[in-house]
Amino acid sequence: MLTISNLQASIGEKEILKGINLTVNAGEVHAIMGPNGSGKSTLASVLAGREDYEVTGGTVQFDGKDLLDMAPEERAAEGIFLAFQYPVEIPGVSTTNFLKTAMNEIRKYRGLDPLDAVQFLKLMKEKMKLVNIDQSLLSRSLNEGFSGGEKKRNEIFQMAMLEPRLAILDETDSGLDIDALRIVAEGVNQLRSPERATIVVTHYQRLLDYIVPDYVHVLYKGRIVKSGPKELAFELEEKGYDWIKAEVETA
Amino acid sequence: MTPSNQPYNDLKSKLLADFQAAEERMNGASKSALHQLRRDALSQFDRLGFPTIKNEEWKYTNVGSLIKEVFEFNAPAQVTAEDLASLETARLEGNVLYFVNGRYQPQLSQIVSPAEQMTISTFSEAVQNRPEVIGQYFAQYADYHENAFTALNTAFADEGVVIHVPARKTVEAPTILRFISDGRQMNVASQPRNLFIVEANADIKVAESFRTLGDQASFTNVVTEIVVCEDARMEYYKIQNESDMAYHIGTTQVYQKDRSHFYSATVTLDGGFIRNNLNIALDGQHCESHMYGLYFPNGRQHIDNHTLVDHRKPNAYSNELYKGILEDRATGVFNGKIFVRQEAQKTNAYQSCKNVVLSNDATMNTKPQLEIFADDVKCSHGTTTGKLNEEAVFYLRSRGIPKDEAQMLLMYAFAEDVIRQIKIDALREQIERRIQAKLAR
Ligand SMILES: Nc1ncnc2c1ncn2[C@@H]1O[C@H](COP(=O)(O)OP(=O)(O)OP(=O)(O)O)[C@@H](O)[C@H]1O
Ligand SMILES: [Mg+2]
Numbered sequence: 507m508l509t510i511s512n513l514q515a516s517i518g519e520k521e522i523l524k525g526i527n528l529t530v531n532a533g534e535v536h537a538i539m540g541p542n543g544s545g546k547s548t549l550a551s552v553l554a555g556r557e558d559y560e561v562t563g564g565t566v567q568f569d570g571k572d573l574l575d576m577a578p579e580e581r582a583a584e585g586i587f588l589a590f591q592y593p594v595e596i597p598g599v600s601t602t603n604f605l606k607t608a609m610n611e612i613r614k615y616r617g618l619d620p621l622d623a624v625q626f627l628k629l630m631k632e633k634m635k636l637v638n639i640d641q642s643l644l645s646r647s648l649n650e651g652f653s654g655g656e657k658k659r660n661e662i663f664q665m666a667m668l669e670p671r672l673a674i675l676d677e678t679d680s681g682l683d684i685d686a687l688r689i690v691a692e693g694v695n696q697l698r699s700p701e702r703a704t705i706v707v708t709h710y711q712r713l714l715d716y717i718v719p720d721y722v723h724v725l726y727k728g729r730i731v732k733s734g735p736k737e738l739a740f741e742l743e744e745k746g747y748d749w750i751k752a753e754v755e756t757a
Numbered sequence: 006m007t008p009s010n011q012p013y014n015d016l017k018s019k020l021l022a023d024f025q026a027a028e029e030r031m032n033g034a035s036k037s038a039l040h041q042l043r044r045d046a047l048s049q050f051d052r053l054g055f056p057t058i059k060n061e062e063w064k065y066t067n068v069g070s071l072i073k074e075v076f077e078f079n080a081p082a083q084v085t086a087e088d089l090a091s092l093e094t095a096r097l098e099g100n101v102l103y104f105v106n107g108r109y110q111p112q113l114s115q116i117v118s119p120a121e122q123m124t125i126s127t128f129s130e131a132v133q134n135r136p137e138v139i140g141q142y143f144a145q146y147a148d149y150h151e152n153a154f155t156a157l158n159t160a161f162a163d164e165g166v167v168i169h170v171p172a173r174k175t176v177e178a179p180t181i182l183r184f185i186s187d188g189r190q191m192n193v194a195s196q197p198r199n200l201f202i203v204e205a206n207a208d209i210k211v212a213e214s215f216r217t218l219g220d221q222a223s224f225t226n227v228v229t230e231i232v233v234c235e236d237a238r239m240e241y242y243k244i245q246n247e248s249d250m251a252y253h254i255g256t257t258q259v260y261q262k263d264r265s266h267f268y269s270a271t272v273t274l275d276g277g278f279i280r281n282n283l284n285i286a287l288d289g290q291h292c293e294s295h296m297y298g299l300y301f302p303n304g305r306q307h308i309d310n311h312t313l314v315d316h317r318k319p320n321a322y323s324n325e326l327y328k329g330i331l332e333d334r335a336t337g338v339f340n341g342k343i344f345v346r347q348e349a350q351k352t353n354a355y356q357s358c359k360n361v362v363l364s365n366d367a368t369m370n371t372k373p374q375l376e377i378f379a380d381d382v383k384c385s386h387g388t389t390t391g392k393l394n395e396e397a398v399f400y401l402r403s404r405g406i407p408k409d410e411a412q413m414l415l416m417y418a419f420a421e422d423v424i425r426q427i428k429i430d431a432l433r434e435q436i437e438r439r440i441q442a443k444l445a446r
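For the protein sequence lines, the chains are V and X, in the order given. Offset between the first sequence (1-based) and our numbering: plus 506. Offset between the second sequence (1-based) and our numbering: plus 5.
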């Protein structure tokens with residue numbers, strides 16, 4: 507589904523991604539871990555199409571299409587969703603307000619008829635229940651005055667609404683209490699299917715108890731320096747990153 | 006005469022000569038108190054001359070090109086209902102008064118409010134039939150000693166609307182004054198003059214709308230005086246939607262008494278060269294004044310909003326929010342002065358001006374001015390000028406919304422807290438549509 511080959515990206519003069527290789531097949535869940543500043547969010551942003559980053563080399567194929575050639579909105583329509591590590595505040599725009607536009611734009615791209623107000627509301631009700639989010643939050647200005655957990659839950663709500671084929675969750679677990687963590691995980695697991703895939707960026711093994719990954723990767727200094735089964739996450743939890751850093755430096 | 010007035014002598018001397026010619030036709034009437042006042046205003050205009058950019062109040066608004074144009078000040082008014090259809094104005098349940106090139110058009114107008122709720126007449130009728138009202142209020146608020154355009158309007162104005170709401174009356178129907186410059190045949194100029202008196206405990210909503218037909222140049226020099234008496238309440242909207250060839254200079258002068266509430270919104274959708282002065286004197290205790298503004302200049306449009314809030318008495322509240330979106334080579338000016346006199350203790354005065362500049366060639370000049378002579382006051386002001394939030398654009402795009410639409414959504418959200426201040430539904434809905442259409446271009 508997703509094939510990243512030797513992806514390099516920089517911001518200004520600064521090289522951040524230094525040759526990422528990663529293949530994600532439909533049905534899989536990949537966890538990406540790694541120390542602060544290693545480039546995890548950068549990778550997520552580049553996949554979503556953020557223009558601040560300049561891709562200086564490599565390719566990304568999504569279902570055989572050149573992802574890097576697409577505008578962010580096209581990527582969304584193709585089925586990519588990024589749950590942001592730091593969701594932006596947008597005064598005057600509520601979730602309900604833009605999500606209907608977003609859904610119908612995506613439907614238009616896919617040649618589907620737009621949802622009418624009734625259908626949209628029905629879907630919303632259903633998904634609100636799923637992620638246990640309140641209508642009042644969805645009617646407020648996006649993320650303005652939201653608590654950390656509310657912001658993350660809102661991201662998951664949007665994911666549930668848009669039903670992406672590839673969801674990228676960037677530290678969606680940070681700042682969540684245990685109950686919220688379960689809810690978020692449930693939201694993700696509900697979407698799990700042979701046609702979909704998920705990339706979970708996290709610092710904590712805890713989330714992976716709920717969203718069990720097929721693979722765990724360690725990103726360090728802009729490269730994936732280690733990959734392994736879910737047990738790798740336990741090892742990292744236990745030993746930290748020093749041993750991996752040491753492996754990289756000696757290599 | 007100072008040398009800085011030199012380049013503008015043509016229009017100025019024409020206007021001085023016009024006044025004299027009109028005076029000669031007046032015979033005995035020229036002795037009236039009203040005419041003496043006009044004469045005084047004319048002499049002030051003569052003394053002041055048109056302002057140049059050396060005048061601090063006109064630093065960013067250069068009237069040079071306005072003054073070089075040649076306008077017909079007495080253009081015929083031949084506009085039919087069919088001509089108006091092209092303007093797609095909002096259908097309003099209320100009092101609608103049309104003026105074309107400054108002339109009242111009774112055949113296009115409707116007055117629905119019963120006479121016991123308010124007296125509404127044209128300015129010229131009021132001069133004839135209600136000289137005591139004109140004598141008491143006309144030119145008592147809009148100072149013509151400092152502003153050449155107000156002086157000019159005071160000297161020449163002969164048409165507009167006079168509204169008088171008696172004490173304790175609530176005028177349910179909104180009133181909209183539609184001033185249309187018909188520039189289909191020639192360059193036209195008009196100088197409307199309005200006077201609204203809202204007596205104690207009365208309540209009224211008035212909108213002034215400015216439109217143009219055709220693509221010749223037009224010049225509107227309007228002055229509106231408003232008196233809001235004790236416990237009275239007024240909503241006042243000024244909506245501008247004129248051609249790029251339109252020049253507009255306007256002053257709205259408000260005088261508030263104890264416990265009165267005044268709500269205003271000035272929305273400038275289109276227009277070539279615009280200067281709005283909104284001056285509010287809070288000359289009573291426990292008054293409230295709310296001022297909102299919104300402007301969207303593009304192309305080479307120039308929009309200047311000058312506001313002056315004069316807190317004269319204690320315990321009053323004023324709040325001001327102006328917002329602008331500037332595109333292309335447009336220029337904008339916001340100059341907001343808050344004046345708190347020594348006597349005006351416990352004043353709360355807030356001012357904010359926020360701008361989004363979408364192009365590198367557009368410029369916005371903001372100047373907040375606080376002059377506070379009382380010591381126990383709460384005042385704040387802030388201006389921001391920036392680009393559209395790129396991160397927010399990306400966020401929306403990442404959800405599937407195309408770039409243009411994402412930008413529009415954000416601009417609309419930015420404008421929304423001013424738009425919703427317009428409480429006349431039909432008017433607000435019309436403005437919403439216009440804004441959406443303009444932003445979508
Ligand atoms: N806009 C930017 N300007 C300059 N440097 C940037 C920018 N964005 C990211 N960086 C730098 O790139 C590096 C990688 O950042 P990134 O956010 O991808 O790290 P991360 O792995 O997600 O870290 P964390 O675990 O703290 O979220 C960091 O050194 C960061 O400072
Ligand atoms: Mg990060």
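Every residue gets a Cβ at the ideal spot worked out from N, C-alpha and C, and that includes glycine. None of the values given here were measured: they were computed from a predicted structure.
Query - Spatial distance of V/Val718 from V/Ala608 (CA atoms) - result: 30 Å
Query raised in the report: Taking only beta-carbon atoms, is V/Leu636 less than 7 Å away from chain X?
Result: no
Query raised in the report: So, are the CB atoms of X/Phe78 and X/Ala160 less than 7 Å apart?
Result: no
Query raised in the report: Mind checking whether X/Gly341 and X/Pro302 have CB atoms under 7 Å apart?
Result: no
Query raised in the report: Looking at chain V, which residues of the segment 410 to 428 of chain X have a Cβ within less than 9 Å of any of its Cβ atoms?
Result: Glu410, Ala411, Leu414, Leu415, Tyr417, Ala418, Phe419, Ala420, Glu421, Asp422
Query - Within chain X, the residues that V/Glu579 reaches when beta carbons sit closer than 9 Å - result: Leu401, Arg402, Ser403, Arg404, Gly405, Ile406, Pro407, Lys408, Glu410, Ala411
Query raised in the report: Which residue from X/Val132, X/Ala251, X/Glu230, X/Ile116 puts its Cα closest to that of X/Asp220?
Result: X/Ala251
Report task. Sort X/Leu375, X/Val398, X/Tyr400, X/Asp381 by Cα distance to X/Thr388 and report the nearest one. Result -> X/Leu375
Query raised in the report: What residues come near ligand 1, if near means a beta carbon less than 5 Å from any of its heavy atoms?
Result: V/Ile517, V/Ile522, V/Asn542, V/Gly543, V/Ser544, V/Gly545, V/Lys546, V/Ser547, V/Thr548
Query - Where the alpha helix (DSSP H) through X/Tyr297 begins and ends - result: Counting along the chain, X/Tyr297 falls outside any alpha helix (DSSP H), though it belongs to the beta strand (DSSP E) covering 293 to 300.
Query raised in the report: X/Asn152 to X/Thr256, Cα distance in whole Å?
Result: 9 Å
Query raised in the report: So V/Val637 packs on V/Arg671, CB below 8 Å; how close in whole Å?
Result: About 19 Å separates the two Cβ atoms, so there is no contact after all.
Query raised in the report: Can you tell which of X/Glu437, X/Gln133, X/Thr312, X/Tyr268 has the C-alpha that lies nearest to the C-alpha of X/Ser357?
Result: X/Thr312
Query raised in the report: What number of angstroms, rounded off, separates the C-alpha of V/Ile522 from the C-alpha of V/Gly734?
Result: 23 Å
Query raised in the report: Cα separation between X/Asp288 and X/Ser269?
Result: 17 Å
Report task. Quick one: give me the first and last residue of the beta strand (DSSP E) that X/Ile285 is part of. Result -> 278 to 287
Report task. Using only alpha-carbon positions, find the residue among V/Ala515, V/His709, V/Glu656 that is nearest to V/Val561. Result -> V/Ala515
Query raised in the report: For X/Asp187, which residues from the same chain have a beta carbon less than 6 Å from its beta carbon, with the 5 sequence-adjacent residues on both sides left out?
Result: Val84, Val105, Asn106, Leu218
**Report entry** Contact under 7 Å by Cβ, V/Val707 with V/Ile586
**Finding:** no
Requested in this report: Return the CA-CA distance between X/Thr7 and X/Ala27, expressed in angstroms with no decimal places.
Outcome: Caution is warranted here: a pLDDT of 41 is assigned to X/Thr7, below 50, making its placement in the model unreliable, and no coordinate value can be reported.
Query raised in the report: Given X/Ala431, which residues of its chain have a CB within under 8 Å of its CB, disregarding the five upstream and five downstream residues?
Result: Ala95, Arg96, Leu97, Glu98
Query - Interface partners of V/Pro700 on chain X, CB under 8 Å - result: Correct list: empty, because the minimum Cβ distance to chain X is about 24 Å.
**Report entry** Interface flag, X/Asn10 vs chain V, CB-CB below 7 Å
**Finding:** Low local confidence applies: a pLDDT of 42 at X/Asn10 is under 50, so the model's placement there is unreliable, and no value is given.
Query raised in the report: X/Val166 by DSSP, collapsed to three states: which one?
Result: strand
**Report entry** Any beta strand (DSSP E) of 3 or more consecutive residues that is wholly inside the segment 187 to 252 of chain X
**Finding:** 193 to 195, 198 to 203, 208 to 218, 223 to 233, 238 to 246
Query raised in the report: Any heavy atom of ligand 2 closer than 6 Å to the CB of V/Gln774?
Result: With chain V covering only 507 through 757, there is no way to say anything about residue 774 of chain V.
Query raised in the report: To which residues of the same chain is X/Leu461 closer than 8 Å at the C-beta, ignoring the five residues directly before and after it?
Result: Residue 461 of chain X falls outside the range modelled here, since chain X spans only 6 to 446, and no answer is possible.
Query raised in the report: In terms of residues, what are the limits of the beta strand (DSSP E) holding V/Val694?
Result: Taken as a continuous stretch (DSSP letters only), V/Val694 belongs to no beta strand (DSSP E), being part of the alpha helix (DSSP H) at 684 to 697.
Requested in this report: Enumerate in chain order the residues of its own chain whose CB-to-CB distance from X/Ser364 is below 6 Å, with the five nearest sequence positions on each side excluded.
Outcome: Glu332, Asp333
Query - V/Ala591: CB within 6 Å of a non-hydrogen atom of ligand 2 - result: The sequence shown places Gln at residue 591 of chain V, rather than the Ala named in the question. Within the cutoff, so yes.
Report task. Check each residue of the segment 385 to 399 of chain X: if its Cβ is closer than 7 Å to any Cβ of chain V, include it; give the result in chain order. Result -> Glu396, Ala397, Phe399
Query - Three-state secondary structure (DSSP) of V/Asn527 - result: strand
Requested in this report: From the DSSP output, read off the bridge partner residues of V/Gly563.
Outcome: V/Gln514
**Report entry** Through-space distance from V/Tyr721 to V/Glu737, alpha-carbon basis
**Finding:** 9 Å
Query raised in the report: Given X/Tyr65, which residues of its chain have a CB within under 6 Å of its CB, disregarding the five upstream and five downstream residues?
Result: Val338, Asn370
Query - Unbroken alpha helix (DSSP H) run spanning V/Leu502, endpoints - result: As shown, chain V starts at 507 and ends at 757. That puts residue 502 of chain V outside it, with no answer to give.
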